[in-house]
Amino acid sequence: MRDFWARFSRNRGAVVGLVILVLVMLMAALAPVIFPGTPWDMAAAPFLPPGEMGMLLGSDSLGRDVASGIAHGARVSLMVGAVSTVAALGIGVTLGAIAGYAGGWVDDALMRFTEFFQTIPSFILAILLVAIFSPSIASIVFAIAIVSWPPVARVVRAEFLGLRSREFVQAAECLGKSRIAIMVGDILPNALSPIVVLASLMVATAILLESALSFLGLGDPNLMTWGFLIGSGRSVIRLAWWMSVFPGVAIFLTVLALNLVGEGLSDALNPRLARGRA
Amino acid sequence: MDPARLPGFLLRRGIKAAVVILAIVVCNFFLIHAAPGDPASVIAGQSGAADERYLAQLRTQFGLDRPLLEQLWIYVRGVLSLDLGYSHRQQMGVATLIGQRLPATLLLTGAAFVFAVVGGVTLGALAARRVGTWADTAITVLALTFYATPIFWVGLMLVLLFSVVLGWLPSFGMYTVGADYTGLTAMLDIAKHLILPALTLGLFYLAVYARLTRATMLEVADQDFVKTARAKGVPEGRILRRHILRNAMLPVITFAGIQAGQLIGGSILVETVFAWPGIGRLAFEALLARDYPVLLGVFFCTSAMVVLFNLFTDLLYALVDPRVEVAG
Amino acid sequence: MILSIEGLTVALPPGADRRHAIEDISLTVAQGEILCVVGESGSGKSITANAVMGLLPKNLPLRAGRMLLDGIDLRAQSPEAMRQLRGRRMAMIFQEPMTALNPLMKVGDQIGEALSVHGVAERGRVVELLAAVNLPDPAAIARSHPFRLSGGQRQRVMIAMALALEPALLIADEPTTALDVTTQMQILRLIRDIQQRRGTGVLFITHDFGVVAEIADRVAVMQHGRIVEQGLATDILNHPQHPYTQALIRAVPGFPKGGGASVERGPPLLQVSGVEKTYRRGGWFSASTVVRAVHDADFTLTRGETLGLVGESGSGKSTLARCVVRLVTPEKGEILFHGDDLRPLSRAAMKPYRRRVQMIFQDPYASLNPRKKVGEIIAEGPITHGTPRAEAWARAETLLATVRLDPSAMDRFPHEFSGGQRQRIGIARALAMQPELLIADEPVSALDVSVQAEVLALLAEIRTRENLTMLFITHDLRVAAQVCDRIAVMQRGAIVEQGPVGQVFARPAHPYTQQLLDSIPGRAWTPPDLGEVA
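Protein chains in written order, with numbering that gives the first Met the number 0: chain B, 0 to 277; chain X, 0 to 327; chain G, 0 to 533.
Take a look at the structure:
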C-alpha cells in the first residue's frame, strides 16, 4: 500500500488531479450548505456579470446564480458518472469474464455482440434511448451504461484470456476448484489493475456524455446540470459569456482530474509501464 | 496480405458488415417496441399532434396487429429497400431528408477526421521521439487538455474567441446567407465556414490520436526488432520511419475504425452549435420535435456509414499487416 | 585480436541489488576463435555484449574500461561512427528469433537493409546469403514475411543478416536458447561452420555447459557481474578451478551408465490408450487448419515408476499430460486411472480424482497466484476438498519444511521468493493433496542449472519417500536420463519409441530418437566427477 502511494505520488499530475477531484467532491457535498435553496430560484437581476451583487460567477437570463448552479450540478455530474460506471462495469466485467474464461463459441458470440455495440455510434444510441424512454436520471444512467460497457468487456476478456492459460489458473483447476471460485478468486484479483484504471477514465467519459445529453436538452428536467447551464447560455453567448464559460470550466477540470488520477493509478498499478512519464 | 486473397477477404468482411447492418435494423425495431406506449404513437411522437389517419397508416405499415416476428419482417424489408419511413412533421420521406443533409456531414466529419489523424499522428510521433523534453510535455499537456474538454463547449469557446471577440470567422451555417457566391468564391466561403466546426470536432480526436501514437511508438521502440535494426547499423531516422512508425500505425488504424462512430456522434453536437446543415443538425431538430422516424433513420444511416468505414479500415489493416489472413 | 576488453565496468541504476551490472571485465576474442561467456541469469553476460555493440540502455552507463575492436577504440567513437561499425565490422544475433525481425517487412528487405544502410548494393546478395545459411528455396524465403518462418528459420535469417557484410566480430546472445534441441544443433553447427570458413571472431553467450562443450575454443565464466574464471574450453570443462565453475559443472546431469536397469513392473496405475486431441484454428468464415496435437500415444504407468515424456516443442507432450489431468479434453480414447476412465467425466465427477492426480508446472513465475499468500496457495486445495482449515494450514506448514522452506514463508507472497523457492512451493501445493500420481511438466527447464539440480534432488527424494508415481515431461534428454526409469519419445503428436532409459539411450530404435540423441549439445563431453560439495 505504501508502495502504491509512493508510485502514485511520483506522478505529479496525478496528485494535482486528486486534489482537484477532492475539491469538486467537497463542492458537491457542501452545495446545500453554501447555496441553500434550489439553484432554480431567482437570486438577483438577470445577466449580472461575475462579481456583481454577490453573484460570484454572474447570473443567468432568469437571474439564477450561476455559481449555485455549478455547485449543485457537481452533485448530479459526479453521481451520474459514478453510478453509470458501476453499471457499465457490472455488464462489462461479467460478459468479459465469461467470454475470456469460457473461450470457444461462447467467447466468439459474446465478442461479436460487443463489437456490434462498439460499431454503432454510441452517442446517437444514447440520445435515442434517453429520448424514447423520456429524459430522467434513470434513463440517462441506463443509456450511458449501455453505451460504455464494451471497452470494459474487451479489456476484461483480454485479461481473462491471458490469465486463463497462466499456470496458476491451471493449478487451481487441478485442485478441483469450481469455475466461479477460479474466476472470482484467482483470475479477477489479477485483472483488477486495468479495470480500476479504466473505471476512472469511464467516470470522466460518463460525465462528458451526461453533459452532452443535457446540452441537447435531454437532461433530467428536475435537476440542475452543467450541460444544461451551457446549453441555456448558448443562445446568449454574445451577451453573457460567463453563463457558458464557467460550467464548461467545471466539466473540464473534473474530467481532467479524473484522467490525471487514471494515469496515476496506471503508473502505480503497473510500474512496468510507467516509463516515459517520469 | 497476398493480393490474390483480397476478393475472399472482402467477401467475408462484406458478409460480416451485412450481418451487423441487419442487426442494427432489428435493434431499431426493438427500440420502438421497448418504448412505453403504442409503437405507432411513439413513432408519430407523443408531443406532436399526430392525427389518427397517420397513426392508422403507421399501424398498417408495421402491421401492429400481427405477430411480432411478422412485424419485424415487414420492418426489415422496408428498411432494406431504403424505405426509412416518413417524417410527418417535415412532410417528407426520411431517406430523402437524410440524403439532402448527408453531404454536409460527410464534408465536416471528413475534414475533422483528416485534421485529427494527420495532426494527431504528427504530434504523437514528435512527442515520442523527444520523450522527456519540453516538447513532449507540451504536446502531452495539450492532448490531455483537449481530451478532457467537452466538444460542444470547445465549439462555443471558439465562437466566442474567433467570431464574437476577433470577428475573423463566421459562427454558424455553411454559407453566407444571401451572398449567392458561385465557383471558387463559393468554395472559399464554405471552407471559411468549415474551419471552426471541423476544428471543434477534430481537436478531441487529435488529442486521442496524439496520445495513442505516442504510447504505441514508445512501446514499439522497446521491441526486439528495433534493437536488431540498431545492431545492423540502421540510422536512427530510418529506424523511426521504417521500423517504429509503421508498426505503431497498426493500433492507430484499428482505433480509427472503432472511433468512427464516435466522430459521427460528435457531429451532432458540433452541427448543433454551429447550425451546420448536416444530419447531426437534422437529428437535433428531430429530437426537439420528438420526430422518431427521423431519429431512427439517422441512427440507421450513421451506423451503416460506420460499418462501411470499418470495412475500409479492415482492408487497410490487412494491406499493411501481412499476418491478418492467418488470424482470420 | 579482433576484440579486447579491459576493465569494463557498467553501473546499475540506483536501488538495484548491486552497484555494478558488470565490473572490471577483461577478455579477448581472437580471429577465428569462439569465446563462450557462461553464467546464470543476472550474471551480466548480456550487458557485456550490449556494451561492445554500443547498445546499452541509457540507465546503464558505462563507467570505466577500454574496448578495442580491431584496434579501434570503441569508447572514443561518435554515435555515427559506432553506427557505421555496427553491421559492418561487428554484428549481433539475439535470443528470441520470434520477435527479432520486423513483422511488417519482408525477410529479403530486412537483409537488404543491412547492406544498403552501409552503402552496399544489394544485387542478388540477399538470396546468396540466405542460401549460405542453408535455407531451402532462398528466393521464396526472401519474399516471405517473418511470420511464415519457423523459429529455426528466423534464426538463420538473423545469422544471414548479421554476416551480410562479413563482420570481423559476431556476438551471439543465447542464440539457441529459444530453439528445440535438433534445431539448436543445426544452428550451432552453422555458426561453427561459417565462422571457420570466414575466420570470424565469435563472442558466444550461453548458460548451457553442453553448448559450451559443443562449440567453445575458450571460456569465460561470469558470476555477479565479474569474470571468475577464464581459460581454454578443455581445461575449464574438465578441470574447473573456481568453486562457482565447479558448482555449475557439478549440476550438469550426466548420462545413464548402465544398460537399462529393468524396473519391476507391478499393476498399472494409469493406462492411456487411443487418446486423440485435435485443434482447429480459424473463424466462422475462413478456412480452418487442423492440428493433430496428440494421436497414437499409448502408454502405461506402473505404481512407483517414473516415465519421462520427451520431445521437442509442438510434439504434443504437454497436451498429452494435460489430457491426463483434464486441463485438455481429448476427443477420443481412454484414460484409465486404477481402471476408471477419466475422459468422459464431468467437472463434478472428476473432482474426487483431482486429489489423487496432481501437477507441477514449468514456469515458477506464472504458476503461483501473485495475489495469494504462500500458506493459502498450499492449503486451498485440501480446503476445497473438505479438509478443515486449521488442519490444512498445519499440514501446509509441515510441507514447507519438507520442501526445505522456512515456516515463515506461509505469510509471504510469491514475489518475495526466488525461482527455485517458488518451484518448491509449487511442489508443496501438489503434495498437499497427497496424490498418487504426480505430473511434472518441465519442472526445471525455467531454472538456472545449479537450482535445477537442487529441485531435481528434492523431487527424487520425495518420490522415494511417498512412493509416488510420476509422469515427467521434459525436452532435456540429460534431465530425463537422470530422473526417469523409462522414457517415451514423442514426435508430432505420437509416441515413436518407449523403453527403459538405458536401453533407449544405448540402442535407440527409432531414427528420430537417434537424431534427438545426436543433438544433445556436448554429447562427447562427460562432466568430470568433482565429488560432493565440500
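Beta carbons are placed, not taken as given, at the ideal position from N, Cα and C, and that holds for glycine. Being a predicted model, the structure only gives us computed values, none of them experimental.
V25(X) versus V75(X): straight-line alpha-carbon distance, rounded: Taking the first residue of the second sequence as 1, we reach residue 25(X) at position 26. Taking the first residue of the second sequence as 1, we reach residue 75(X) at position 76. If you take the alpha carbons of V25(X) and V75(X), they lie about 7 Å apart.
is_contact[G86(G), chain B] using C-beta, thresh 9 Å: On the third sequence, residue 86(G) is found 87 positions in, with the first residue counted as 1. Taking 9 Å as the threshold, the shortest C-beta distance from G86(G) to chain B does not fall below it.
contact_flag[the region 313–322 of chain X, the region 113–132 of chain X] where n(CB pairs < 8 Å) is 3 or more: Judged by Cβ distances under 8 Å, the region 313–322 of chain X makes no contact with the region 113–132 of chain X, as fewer than three pairs qualify.
Boundaries of the alpha helix (DSSP H) in which I190(G) is found, first to last residue: In the third sequence, counting from the first residue as 1, residue 190(G) sits at position 191. Its alpha helix (DSSP H) spans residues V180 to R197.
For C35(G): DSSP bridge partner residues: Residue numbering aside, residue 35(G) sits at position 36 when the third sequence is read from its first letter. Its beta-bridge partners are F203(G) and V218(G).
V324(G) - DSSP class collapsed to helix/strand/coil: In the third sequence, residue 324(G) corresponds to position 325, counting from 1. Coil, per DSSP.
Contacting residues, own chain, Cβ-Cβ under 7 Å from F299(X) (five flanking each side not counted): The residue labelled residue 299(X) in the question sits at position 300 within the second sequence. Sequence-distant partners of F299(X) (beyond 5 residues in either direction) whose C-beta falls short of 7 Å from its own C-beta, in its chain, are I23, V24, N27, V78 and L83.
Burial state of Y180(X), where buried means 16 or more other Cβ atoms lie within 10 Å: Your numbering for residue 180(X) matches position 181 in the second sequence. When all chains shown are included, Y180(X) counts as exposed.
Distance between beta carbons of L96(X) and L281(X), contact taken as under 8 Å: Here residue 281(X) refers to the residue found at position 282 of the second sequence. Here residue 96(X) refers to the residue found at position 97 of the second sequence. With a Cβ gap of about 6 Å, L281(X) and L96(X) count as contacting.
Chain-order list of residues whose beta-carbon lies under 6 Å from that of V158(X) (same chain, five-residue window excluded): For the purposes of this step, residue 158(X) is taken as residue 159 along the second sequence, with counting starting at 1. Listed in chain order, the non-local C-beta contacts of V158(X) below 6 Å within the same chain comprise S170, local neighbours out to five positions each way being set aside.
Cβ-Cβ separation, A141(G) to Q119(G) (assumed contact under 8 Å), whole Å: Here the question's residue 119(G) lines up with position 120 in the third sequence. Here the question's residue 141(G) lines up with position 142 in the third sequence. It should be noted that the sequence gives Val, not Gln, for residue 119(G). About 16 Å; that fails the 8 Å criterion.
Y74(X) - DSSP class collapsed to helix/strand/coil: Looking up residue 74(X) in the second sequence gives position 75. Y74(X) falls in the helix class under three-state DSSP.
A10(G) to K226(X) span [Cα, whole Å]: Start at 1 with the first residue of the third sequence, and residue 10(G) comes out as number 11. Start at 1 with the first residue of the second sequence, and residue 226(X) comes out as number 227. Cα-Cα distance, rounded: 21 Å.
Chain X residues whose Cβ lies nearer than 8 Å to that of H144(G): Position 145 of the third sequence, counted from the start, is the residue given in the question as residue 144(G). Correct list: P321 and R322.
Per-residue contacts from P188(B) into chain G (C-beta, under 7 Å): Taking the first residue of the first sequence as 1, we reach residue 188(B) at position 189. Under the 7 Å cutoff, chain G gives R370.
Beta-carbon proximity check, V233(X) vs V116(G), cutoff 9 Å: The count along the second sequence starts at 1 and reaches residue 233(X) at position 234. The count along the third sequence starts at 1 and reaches residue 116(G) at position 117. V233(X) is a Cβ neighbour of V116(G), given a cutoff of 9 Å.
Contacting residues, own chain, Cβ-Cβ under 7 Å from G247(B) (five flanking each side not counted): Within the first sequence, residue 247(B) is the residue found at index 248, counting from 1. Apart from the 5 residues on each side of it in sequence, G247(B) sits with its Cβ closer than 7 Å to the Cβ of I229 in its chain, given in chain order.
Reduced DSSP category for G257(G) - H, G, I as helix; E, B as strand; rest coil: Numbered from 1 along the third sequence, position 258 holds the residue referred to as residue 257(G). Unreliable placement is indicated for G257(G), whose pLDDT of 46 sits below 50; no coordinate value is reported for it.
Inter-stretch contact (C-beta, 8 Å, three-pair minimum) for the region 204–220 of chain X and the region 110–123 of chain X: Yes, since at least three Cβ pairs between the region 204–220 of chain X and the region 110–123 of chain X fall closer than 8 Å, the two stretches touch.
For L109(B), the three-state DSSP class (helix, strand or coil): Within the first sequence, the letter at position 110 stands for residue 109(B). Residue state, collapsed to three classes: helix.
C-beta neighbour in chain B for T328(G), strict 9 Å: Looking up residue 328(G) in the third sequence gives position 329. At least 9 Å separates the CB of T328(G) from every CB of chain B.
For M358(G) and I438(G), believed in contact at Cβ under 8 Å, the rounded distance: Looking up residue 438(G) in the third sequence gives position 439. Looking up residue 358(G) in the third sequence gives position 359. For a cut-off of 8 Å, the C-beta gap from I438(G) to M358(G) is around 5 Å, short enough to register as a contact.
Per-residue contacts from A157(B) into chain C (C-beta, under 8 Å): Structure shown: chain C not included; protein chains present are B, X and G.
Chain B contacts made by the region 181–197 of chain X, where a contact means CB separation under 9 Å: Listed by position, the residues of the region 181–197 of chain X near chain B (Cβ gap below 9 Å) amount to none.
Cutoff 7 Å; reference F360(G); Cβ partners in own chain excluding five residues on either side: Taking the third sequence and counting its residues from 1, the one referred to as residue 360(G) is at position 361. Only residues of its own chain outside the window of five on either side were considered, and among them S366, G425 and D440 have a CB closer than 7 Å to the CB of F360(G), listed in chain order.
Cβ-based contacts, 9 Å cut-off: residues of the region 24–35 of chain G near chain B: Residues of the region 24–35 of chain G with a C-beta atom less than 9 Å from some C-beta of chain B do not occur.
Short CB-CB distance (under 9 Å) between F167(B) and chain G: What you label residue 167(B) is simply residue 168 of the first sequence in a count that begins at 1. With its beta carbon less than 9 Å from one in chain G, F167(B) belongs to the interface.
Rounded C-alpha distance that separates V28(G) from N237(G): The count along the third sequence starts at 1 and reaches residue 28(G) at position 29. The count along the third sequence starts at 1 and reaches residue 237(G) at position 238. Annotation: V28(G) to N237(G) spans about 22 Å, alpha carbon to alpha carbon.
Closest by C-alpha distance to A108(B), when choosing among R153(B), S121(B) and S135(B): Translated into the one-based positions of the first sequence, residue 108(B) becomes position 109. Closest option to A108(B), Cα to Cα, is R153(B).
CB contact check: L529(G) to chain X, cutoff 9 Å: Mapped onto the third sequence, residue 529(G) falls at position 530. So no, L529(G) is outside the interface.
D64(X), DSSP secondary structure in three states: Sequence index remark: in the second sequence, residue 64(X) carries index 65 (1-based). Residue state, collapsed to three classes: coil.
One or two residues paired with G498(G) in a DSSP bridge: In the third sequence, residue 498(G) corresponds to position 499, counting from 1. G498(G) pairs with I486(G).
Residues of the region 239–252 of chain X whose Cβ lies closer than 7 Å to any Cβ of chain G, in chain order: Listed in sequence order: H242, R245 and N246.
Close-in-space but distant-in-sequence residues of the same chain around L155(X) (CB under 7 Å, 5 per side omitted): Here residue 155(X) refers to the residue found at position 156 when the second sequence is read from its first residue. Taken in chain order, the residues that qualify are V272.
Which of helix, strand or coil DSSP assigns to R124(G): Position 125 of the third sequence, counted from the first residue, corresponds to residue 124(G). Reduced to three states, the DSSP call for R124(G) is helix.
Contiguous alpha helix (DSSP H) assignments of at least 4 residues, all confined to the region 181–244 of chain B: Within the region 181–244 of chain B, the complete alpha helix (DSSP H) runs of at least 4 residues are 187–214 and 225–233.
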